[in-house]
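All letters in the sequence shown, in the order written, are residues 248 to 341 by the numbering used here.
Note that the Cβ used here is the ideal one computed from N, Cα and C, for glycine as well.
Let me begin by presenting the structure, written as structure tokens, before commenting on it.
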Amino acid sequence: MPYKVFHHKLFEREVLKIPAHHQSRIHKIVSKLKEDPNKLPSNTEPLSGYKGCFRTRIGSLRLIYFVNHEKEEVLILGIRPRGDIYKVIRRLLS
């Protein structure tokens, strides 16, 4: 059964500013996460210190998301350049 995917409002604002070629890659990754978040996309690593949170590298951007296997949900937290996203995620998750 596919997981439900939710987007944080931060992600919804940021994705509109991203070039179209990256947007299509993001859409593919989100679709794969919806089908089976256990099969992580390439260039994906868990975020240290945040259980259930992962980052996927898309060029110079980082897509950050949280997987809740109990509720079968994926929450897309944000997408930004590497230097910025970790500051934002620390603020969101603390």
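With distance defined between alpha-carbon atoms, name the residue in the options nearest to residue i.
{"i": "leucine 257", "options": "Val277, Asn285, Leu310 and Pro284", "result": "Leu310"}
{"i": "proline 284", "options": "Glu319, Arg338, Gly330 and Val335", "result": "Glu319"}
Can you have a look at residue i and say buried or exposed, based on whether 16 or more other CB atoms are within 10 angstroms of its CB?
{"i": "glycine 296", "result": "exposed"}
{"i": "leucine 340", "result": "exposed"}
Cβ of residue i within 7 Å of Cβ of residue j?
{"i": "valine 321", "j": "tyrosine 312", "result": "yes"}
{"i": "asparagine 315", "j": "threonine 303", "result": "no"}
{"i": "phenylalanine 301", "j": "proline 288", "result": "no"}
Going by beta carbon distance, what residues of the same chain come within less than 7 Å of residue i, once the five residues before and after it are set aside?
{"i": "histidine 269", "result": "Ile305, Gly306 and Leu308"}
{"i": "proline 249", "result": "Lys281 and Glu282"}
{"i": "histidine 255", "result": "Leu322, Ile323, Leu324 and Gly325"}
- Per the contact definition of three or more C-beta pairs closer than 8 Å, is the region 280–288 in contact with the region 326–333? The region 326–333 and the region 280–288 do not touch, with fewer than 3 CB-CB distances between them shorter than 8 Å.
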